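>
Residue numbers (the numbering used here): 2 to 485.
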């Protein structure tokens with residue numbers, strides 16, 4: 002039987018003799034626990050202290066190089082790093098100790114494929130430049146309260162007393178304007194999460210599961226390890242030149258498209274622009290094309306974290322199911338977690354934003370699907386009802402669909418604090434479609450008054466141009482009706 006535990010006498014003068022020629026490769030853990038499997042004279046149930054991970058010199062062929070150090074009955078014991086959890090179980094773990102223990106599972110790969118040839122610095126530079134391009138392209142969703150909520154969730158997960166090697170920054174959250182469910186931790190300690198991801202989830206536990214998964218990638222240095230394993234890499238300047246060429250073309254289209262209803266200060270993004278800056282090539286370039294083993298490690302650690310902090314054990318599976326359903330456009334009938342009302346309320350504006358962005362990109366079925374999520378959850382704002390009506394008008398023209406459209410516009414009016422120019426314009430279009438001219442005239446005159454009210458309020462030059470163009474449109478509608 003292979004000997005897993007090696008007994009060494011405790012000799013300490015400042016440092017342990019067992020580590021005199023060894024390298025400590027993890028922070029100090031010092032977690033109390035219990036031996037859970039007999040070995041020699043060490044019986045199951047014996048108290049023990051898990052100390053740290055070490056890399057020791059190999060004396061004879063077959064010796065294990067990477068070991069976990071434990072203190073048992075005042076004697077140092079070394080267990081092969083891959084097997085320590087078969088012999089030791091912590092008595093209890095809080096959040097910080099959890100991540101300290103998890104680092105034992107990450108230590109060997111990190112040590113073997115650490116920072117070589119300054120790759121960490123290069124990855125940080127690329128991540129910084131990537132964030133700059135996202136900022137310049139207006140691809141960040143700026144909502145201070147939502148961003149702070151996500152930052153607090155991330156801080157709640159991150160260990161406070163376990164510092165990564167060379168760690169100087171606490172990860173910060175930024176929200177991407179992207180309808181695709183995305184979440185990724187960059188090398189410069191920025192966690193990007195998309196509006197599409199937030200709108201897809203239904204509970205805080207699902208969010209925590211995904212964040213814990215990214216924290217694992219972060220703690221394990223998976224991006225650096227992945228890049229270290231790559232045999233060839235594109236030249237940095239050439240790579241970013243190709244990316245920026247795509248961004249320039251997408252931005253040109255983005256700037257010349259005009260949203261056809263009034264949204265002061267709210268800028269959406271075209272699918273082309275999002276795809277130019279959020280794609281697999283960029284993920285691969287920055288080391289986020291994780292291996293299957295790394296993904297499994299992150300999944301397992303996230304599930305262990307959920308268990309440690311008492312969150313729903315199926316939260317990660319539930320999040321994955323909803324992401325899959327997003328891509329397959331399926332309704333999630335396999336409910337793993339109950340809906341979290343507080344979480345849904347926090348994400349209400351994100352869901353509405355997603356519905357608007359789908360509409361902007363002429364993805365009307367998806368816009369209606371997203372707006373309906375808020376409506377079904379009894380969290381709808383006027384825009385949700387309006388977008389359902391818009392999608393119906395864009396995709397159908399039957400008495401039934403027109404009636405449903407009208408009912409949604411009425412609900413938009415009821416839920417609005419002030420009269421909405423967009424709802425009024427949609428009513429005009431619907432009444433023109435059904436040839437109800439008297440109603441059209443009354444609505445157009447009302448629309449003109451609303452435009453005048455908008456003009457009296459603070460507005461940009463672009464807003465003024467839009468208001469002028471809408472006045473011209475309203476005038477033309479009346480002229481066509483009055484012509485005999």
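The beta carbon of each residue, even a glycine, is placed where N, CA and C say it ideally should be. Note that the structure is a prediction, hence the values are computed from the model and not measured.
Check each candidate in 180, 296 and 47 and name the one with the smallest Cα separation from residue 353.
Taking the first residue of the chain shown as position 1, residue 353 is located at position 352. The candidate whose alpha carbon is nearest that of residue 353 is 180.
> Mind pulling the alpha helix (DSSP H) runs of 4 or more residues that sit fully within the stretch 38–92?
85–88
> Verify whether the separation of the beta carbon atoms of residue 422 and residue 445 is less than 8 angstroms.
Your numbering for residue 422 matches position 421 in the chain shown. Your numbering for residue 445 matches position 444 in the chain shown. No; because the gap between Cβ atoms is not below 8 angstroms, this pair is not in contact.
> Would you kindly work out how many angstroms separate the C-alpha atoms of residue 83 and residue 25, rounded to a whole number?
What you label residue 83 is simply residue 82 of the chain shown in a count that begins at 1. What you label residue 25 is simply residue 24 of the chain shown in a count that begins at 1. Cα to Cα, the separation comes out at about 16 angstroms.
> What are the start and end residues of the alpha helix (DSSP H) that includes residue 289?
What you label residue 289 is simply residue 288 of the chain shown in a count that begins at 1. Run containing residue 289: none; DSSP gives neither H nor E here.
> Are the beta-carbon atoms of residue 135 and residue 278 separated by less than 8 angstroms?
For this step, residue 135 is matched to residue 134 along the chain shown. For this step, residue 278 is matched to residue 277 along the chain shown. Here residue 135 is near residue 278, since their CB atoms are less than 8 angstroms apart.
> Given residue 34, which residues of its chain have a CB within under 7 angstroms of its CB, disregarding the five upstream and five downstream residues?
Working through the chain shown from its first residue, we reach residue 34 at position 33. The answer, listed in chain order, is 49, 51, 89, 90, 91 and 92.
> Ends of the beta strand (DSSP E) at residue 452?
Residue numbering aside, residue 452 sits at position 451 when the chain shown is read from its first letter. Here residue 452 belongs to no beta strand (DSSP E); instead the alpha helix (DSSP H) covers 438–457.
> Measuring straight from C-alpha to C-alpha, what distance separates residue 339 and residue 380?
For the purposes of this step, residue 339 is taken as residue 338 along the chain shown, with counting starting at 1. For the purposes of this step, residue 380 is taken as residue 379 along the chain shown, with counting starting at 1. Roughly 17 angstroms between the two C-alpha positions.
> Could you compute how far the alpha carbon of residue 439 sits from the alpha carbon of residue 425?
For the purposes of this step, residue 439 is identified with residue 438 of the chain shown, where counting begins at 1. For the purposes of this step, residue 425 is identified with residue 424 of the chain shown, where counting begins at 1. When rounded, the distance between both Cα atoms is 15 angstroms.
> Quick check on this structure: which residue in 57, 127, 329 and 209 has the alpha carbon closest to the alpha carbon of residue 344?
What you label residue 344 is simply residue 343 of the chain shown in a count that begins at 1. It is 209 whose Cα lies nearest to the Cα of residue 344.
> When DSSP labels each residue in this structure, what does residue 175 get in the three-state scheme?
Residue numbering aside, residue 175 sits at position 174 when the chain shown is read from its first letter. If DSSP states are grouped into helix, strand and coil, residue 175 belongs with the strands.
> Does the Cβ-Cβ distance between residue 104 and residue 220 come in under 8 angstroms?
Position 103 of the chain shown, counted from the start, is the residue given in the question as residue 104. Position 219 of the chain shown, counted from the start, is the residue given in the question as residue 220. Closer than 8 angstroms, so yes.
> Go through its chain and collect everything with a Cβ distance to residue 147's Cβ below 8 angstroms, but skip five positions before and after it.
For this step, residue 147 is matched to residue 146 along the chain shown. Around residue 147: 176, 199, 347, 348, 350 and 351.
> Buried or exposed: which applies to residue 225, given that a residue is buried once 16 or more other Cβ atoms fall within 10 Å of its Cβ?
In the chain shown, counting from the first residue as 1, residue 225 sits at position 224. Classification of residue 225: buried, given that the 10 Å Cβ count is 16 or more.
> Taking 8 angstroms as the limit between beta carbons, can you name the residues of its chain near residue 285, skipping five residues before and five after?
Start at 1 with the first residue of the chain shown, and residue 285 comes out as number 284. Closer than 8 angstroms at Cβ, skipping near neighbours: no residue.
> Quick check on residue 232: buried or exposed, where buried means 16 or more other Cβ atoms within 10 Å of its Cβ?
For this step, residue 232 is matched to residue 231 along the chain shown. Model confidence at residue 232 stands at a pLDDT of 47, short of 50, so the residue's coordinates are unreliable; what they give is reported in the following sentence. Under this definition residue 232 is an exposed residue.
> In terms of residues, what are the limits of the alpha helix (DSSP H) holding residue 155?
For the purposes of this step, residue 155 is taken as residue 154 along the chain shown, with counting starting at 1. Segment 145–158, the alpha helix (DSSP H) holding residue 155.
> Do residue 271 and residue 357 have their beta-carbon atoms positioned less than 8 angstroms apart in this structure?
Taking the chain shown and counting its residues from 1, one reaches residue 357 at position 356. Taking the chain shown and counting its residues from 1, one reaches residue 271 at position 270. Not in contact: residue 357 and residue 271 (Cβ atoms no closer than 8 angstroms).
> Between residue 154 and the rest of its own chain, which residues show a CB-CB distance below 7 angstroms, the 5 nearest in sequence each way excluded?
Residue mapping note: residue 154 aligns to position 153 of the chain shown, counting from 1. Closer than 7 angstroms at the Cβ level, and outside the excluded window around residue 154, lie 208, 209 and 212.
> By DSSP, does residue 192 sit in helix, in strand, or in coil?
Counted from its first residue, the chain shown places residue 192 at position 191. Residue state, collapsed to three classes: strand.
> Taking Cβ positions, are residue 289 and residue 394 nearer each other than 8 angstroms?
For the purposes of this step, residue 289 is identified with residue 288 of the chain shown, where counting begins at 1. For the purposes of this step, residue 394 is identified with residue 393 of the chain shown, where counting begins at 1. No, they are not a contact pair.
> Out of curiosity, what's the CA-to-CA distance linking residue 311 and residue 54?
One-based indexing of the chain shown puts residue 311 at position 310. One-based indexing of the chain shown puts residue 54 at position 53. About 27 angstroms.
> Hey, would you say residue 435 sits closer than 8 angstroms to residue 403, going by beta carbons?
Mapped onto the chain shown, residue 435 falls at position 434. Mapped onto the chain shown, residue 403 falls at position 402. Taking 8 angstroms as the Cβ cut-off, residue 435 and residue 403 qualify as a contacting pair.
> Out of 450, 131, 462 and 400, which has the shortest C-alpha to C-alpha gap to residue 282?
Working through the chain shown from its first residue, we reach residue 282 at position 281. The closest CA to that of residue 282, considering only 450, 131, 462 and 400, is found on 131.
> Would you identify the three-state DSSP class for residue 30, choosing helix, strand or coil?
As a working mapping, residue 30 is identified with position 29 in the chain shown. The answer is coil: DSSP assigns residue 30 none of H, G, I, E or B.
> With H, G and I counted as helix, E and B as strand and the rest as coil, what does DSSP make of residue 25?
As a first step, residue 25 must be located in the chain shown, where it is residue number 24. Note: residue 25 maps to strand in three-state DSSP.
> Ordered along the chain, which non-local residues of its own chain (more than five positions away) have a Cβ less than 6 angstroms from that of residue 262?
Position 261 of the chain shown, counting from 1, holds the residue named residue 262. Within the same chain, residue 262 has close Cβ partners 423.
> At the level of alpha carbons, what is the spacing between residue 375 and residue 464?
As a first step, residue 375 must be located in the chain shown, where it is residue number 374. As a first step, residue 464 must be located in the chain shown, where it is residue number 463. The alpha-carbon of residue 375 is positioned some 29 angstroms away from that of residue 464.
> Hey, how far is the Cα of residue 451 from the Cα of residue 143?
What you label residue 451 is simply residue 450 of the chain shown in a count that begins at 1. What you label residue 143 is simply residue 142 of the chain shown in a count that begins at 1. Distance between the alpha carbons of residue 451 and residue 143: 28 angstroms.
> For residue 486, which of helix, strand or coil comes out of DSSP?
Here the chain covers residues 2 to 485 and nothing more, so residue 486 does not appear.
> With which residues is residue 184 paired in a DSSP beta bridge?
Along the chain shown, one-based indexing puts residue 184 at 183. BP columns for residue 184 point to 194.
> Quick one: using the 10 Å Cβ neighbour count with 16 as the cut-off for buried, is residue 42 buried or exposed?
Within the chain shown, numbered from 1, the residue matching residue 42 stands at position 41. Under this definition residue 42 is an exposed residue.
> When we look at the beta-carbon of residue 145 and count the other beta-carbons within 10 Å, is it buried (16 or more) or exposed?
Residue numbering aside, residue 145 sits at position 144 when the chain shown is read from its first letter. Exposed, because fewer than 16 other Cβ atoms sit within 10 Å of the Cβ of residue 145.
> Identify, in the order they occur along the chain, each residue of the same chain with its Cβ nearer than 7 angstroms to the Cβ of residue 201, setting aside the five sequence neighbours on each side.
To locate residue 201, count along the chain shown from 1; it is residue 200. Around residue 201: 182, 323, 324 and 327.
> Whose C-beta lies closer than 6 angstroms to the C-beta of residue 309 among residues of the same chain, with five residues either side of it excluded?
Taking the chain shown and counting its residues from 1, one reaches residue 309 at position 308. Taken in chain order, the residues that qualify are 94 and 99.
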